[in-house]
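As given, the protein sequences belong to chains A and B, one line each in that order. Once you know that position 215 of the first sequence is 573 in the numbering used here, the rest is easy, because the numbers rise by one and skip nothing. Once you know that position 117 of the second sequence is 126 in the numbering used here, the rest is easy, because the numbers rise by one and skip nothing. Using N, Cα and C, we set each Cβ at its ideal position, and we do this for glycine too.
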Amino acid sequence: MSTTTTPPPKADPTPPQDERIGQHARLAGILRRPEVGAAVAALIIFLYFSFTTSAFAQPAGASTWIFTASSFAIMAVAVALLMIGGEFDLSAGVMTGFTGLVTGVMMTHWGVNVWIAIVVSLAAALAIGFLNGLMVMKTGLPSFIVTLGTFFVLRGVDLAVTKLIINQVSVVNFKEATGYDAGAQLFGSYVKIDLSWLPWADPGRGTLTIYSATFWALAVVIIATWVLQRTRVGNWIFAVGGAQTSARQVGVPVFATKVGLFMTTAFAGWLVGMLSLFKTTTAQSTTGVGQEFVYIICAVVGGCLLTGGYGSAVGAALGALIYGMVGQGIVYAGWDSDWLYTFLGVMLLGAVLVNNWVKSRAEAVR
Amino acid sequence: MSQTNSSGGQTVETGTGDTATLPPPGTSIIEVTDIGKSYGSVIALRDVTTTVKAGEVTCVLGDNGAGKSTFIKILAGAHGHTSGTFVVDGGERHFSSPREALALGIATVYQDLAVVPLMPVWRNFFLGSEMTKGAGPVRRLDVAKMKQISKAELAAMGIDLRDVDQPIGTLSGGERQCVAIARAVYFGARVLILDEPTAALGVRQSGVVLKYIAKARDRGLGVIFITHNPHHAYPVGDRFMILRRGRSMGNFPKAEMTLDELVQMMAGGTELEALSHELAREMPDSDIAKSMEEEVETLGVAAEPVRSEGGKHA
């Protein structure tokens, strides 16, 4: 390896690499990426449960955690963008329940057309996201407090208004609602892949089911990564989270960027709300409550700094993958499923320590 | 955006080629007359008059709380003025956002340099004015070009970075200052507002920054140099405007002022003397009292013989 020279950059008229940057610097550069820690952790966890439980690596068994990881990945990526932008959204979890209830009640109780019901909940979600952003930017209060308020407001609305309208706390018989099938095409469908040829696949457990949530999640991760790394908006997101005053001084539209981020999180909440509604065919008034912290943990495990300005979308998705794998792996291993929370706590603390170390290295003045 | 000359020579003139838009040296770019700013009943600044000409350095001097920040915020468009007139290129203006000032070529390098420490140098260099290629959904950052230009522009300013991908927080204070100045110059600044660029720097680094101020001036930019240090201002300044307690103490061309007069005016003559006496009384052995007394003496602040009970030399 030491004798080979670097291959010349293709036909690009880019200047040659500075000779002071050695080969090892590139490897170090890869290791410094925010998502590397999460990728390693995900691999270890996958291998651990694959070898210690019989069901985890079976295609049929994997279907479950892939679905969970996918819907959490959508939220975690959106929350990660918001955190890179320097804000939190504690109403993100309850938003998934809120949007599901809006669409569910409209369709089952009032017989509203499925697409109208979907668009109305989207509009409601975006409006709440806009309001979150507006309040944070206009009052200058920490988003933690503002969205905590939104969280409780929505939580109350989810219960009280739902009871007021349909006299119960969850939407039932959703599958019988007119238009369910059309909506399910988009949000509740799945493909079955026969993987029984895999050497470790047991007979009868060789079919992998991929729900549409996974495709949505992949799309969200790809778009978010593209936006973050390769667009002006991505540059602005890093800047408003890293140093808001500086960003404003050089002409970055801080208000629009931040409000846009809150609306993106609300959009993701709506998307997950729809995916969950059409897959499970029910919406509870308590859906999503408590999950807002899981999203934040996924983002932090994926390398996002709690203070903003640093992180990655792929990392957040890997954080969600870890969450999905551990949640299901614990069940397959026959442990008490409540150990998941303990595990989350340990992961969070570990990740925060690693991230802070990375940050202090990056900021160290020579 | 004009193509840069990346030959990396010693002169900064290899920059953008945007100098074509600069007016001939000596032309007034900014003229403020009796400008003022009040926040409700608090008057932060009043009756300030000065001019900024192409190819000249206008120094704004003042102690902490003298109104320097308010003044530059008006010029930079961060705050609107509440009285007086603010003329740019012969037309009266009232800025409501920094973007309007930037559009007229008035660029500000703030004390905190407006950089984002965790972001790479090249992303900081182009922040807010990113170069893109492609259109519609594939419109994307032109990363290679931005890296190349930022490296070349910094080299032209005398900073040779190994890697423009390193976070800007890893650079030294002077280097970061120069990145900020190079950025403003590259983006076609005609007027460069420098907010206390030497405040946090050591002697050597301050000298480097003063050199860049002179370079920018020689390229035909109008420079507004805000500082509280007359020794930094005098060598590069062409015009001095002194602020004290939100008021202008006058606006003098260099020909009408010596360094000593500037220091004296800036420190507030008799106030400095009174302070020196007080210090000598309270702490007769302290170094600061002694040095201040010397300063007062050398400046001849105390022209009248008031050296009475306070004149004890420890």
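For the alpha helix (DSSP H) containing residue i, list its first residue and its last residue.
i, result
"B:Cys187", "Gly182 to Tyr195"
"A:Leu440", "Pro417 to Ile442"
"A:Thr583", "Ser570 to Arg588"
"A:Val682", "Residue identity check: residue 682 of chain A is Gly in the sequence provided, not Val. Start and end: Ala671 to Tyr690."
"B:Trp131", "Val130 to Phe134"
"B:Ala161", "Val152 to Ala165"
"B:Val147", "Where B:Val147 is concerned, there is no enclosing alpha helix (DSSP H), given that its DSSP letter is neither H nor E."
"A:Phe456", "Ala450 to His467"
"B:Pro244", "Pro239 to Val245"
In whole angstroms, what separates the C-alpha of residue i from that of residue j?
i, j, result
"A:Gly541", "A:Ala475", "10 angstroms"
"A:Leu635", "A:Asn593", "35 angstroms"
"A:Lys725", "A:Val704", "Missing from the structure shown is residue 725 of chain A; chain A here goes from 359 to 724 and no further."
"A:Thr454", "A:Phe625", "9 angstroms"
"A:Leu706", "A:Gly666", "16 angstroms"
"B:Met140", "B:Trp131", "11 angstroms"
"B:Thr59", "B:Glu205", "18 angstroms"
"B:Phe196", "B:Ser138", "8 angstroms"
"B:Glu109", "B:Tyr243", "31 angstroms"
"B:Ile44", "B:Val96", "10 angstroms"
"B:Gly246", "B:Asn260", "12 angstroms"
"A:Val511", "B:Gly99", "55 angstroms"
"A:Gly687", "A:Val529", "30 angstroms"
"A:Ile403", "A:Leu679", "10 angstroms"
"A:Asn714", "A:Pro561", "47 angstroms"
"B:Lys263", "B:Ile190", "24 angstroms"
Can you tell me whether DSSP reads residue i as helix, strand or coil?
i, result
"B:Arg226", "helix"
"B:Leu170", "coil"
"B:Leu203", "strand"
"A:Gly666", "coil"
"A:Thr411", "coil"
"A:Gly395", "helix"
"A:Phe510", "helix"
"B:Asp56", "strand"
"B:Lys220", "helix"
"B:Arg290", "helix"
"B:Pro34", "coil"
"B:Val21", "Here B:Val21 scores only 34 on pLDDT, less than 50, and its place in the model is too uncertain to base an answer on."
"B:Met267", "Note on identity: in this sequence residue 267 of chain B is Thr, with Met being the wrong assignment. In this structure, B:Thr267 counts as coil in the three-state DSSP scheme."
"A:Leu566", "strand"
If you follow the beta strand (DSSP E) that residue i is in, where does it begin and where does it stop?
i, result
"B:Phe249", "Arg248 to Arg253"
"B:Arg256", "Arg256 to Pro262"
"B:Glu40", "Ser37 to Tyr48"
"A:Leu553", "No beta strand (DSSP E) holds A:Leu553; DSSP gives it neither H nor E."
"A:Ile476", "Premise fails: A:Ile476 lies in the alpha helix (DSSP H), Val472 to Thr497, not in any beta strand (DSSP E)."
"B:Phe234", "Gly231 to Thr236"
Quick check: residue i and residue j, are their CB atoms within less than 8 angstroms of each other?
i, j, result
"A:Phe430", "A:Tyr681", "yes"
"A:Pro417", "A:Leu576", "no"
"B:Gly86", "B:Pro107", "yes"
"B:Val124", "B:Arg185", "yes"
"A:Gln602", "A:Gly444", "yes"
"B:Leu230", "B:Val200", "yes"
"A:Thr615", "A:Ala450", "no"
"A:Thr457", "A:Gly618", "no"
"A:Val578", "A:Val585", "no"
"B:Gly71", "B:Lys77", "yes"
"A:Val658", "A:Val710", "yes"
"B:Gly114", "B:Ala198", "yes"
"A:Leu633", "A:Phe509", "no"
"A:Val549", "A:Ile524", "no"
"B:Val66", "B:Phe80", "no"
"A:Phe488", "A:Met621", "yes"
"B:Gly183", "B:Val212", "no"
"A:Gly685", "A:Ser670", "no"
Checklist entry - Where in the segment 61-126 of chain B do unbroken runs of the beta strand (DSSP E), each at least 3 residues long, occur, reported from the N-terminal end onward? => result For the segment 61-126 of chain B, whole beta strand (DSSP E) runs of length 3 or above, ordered along the chain, are 66-71, 92-97 and 115-118.
Checklist entry - Along the chain, which unbroken stretches of the alpha helix (DSSP H) at least 4 residues long are found entirely within the segment 595-661 of chain A? => result 602-607, 612-638 and 649-659
Next on the checklist: Could you tell me which whole beta strand (DSSP E) segments of length 3 or greater appear in the segment 519-544 of chain A?
Outcome noted: DSSP runs (the beta strand (DSSP E)) wholly in the segment 519-544 of chain A: none.
Item to check | Members of the segment 595-622 of chain A that neighbour chain C once the beta carbon cut-off is set at 8 angstroms | outcome: Judged by its chain identifiers, the structure shown contains no chain C, and its protein chains are A and B.
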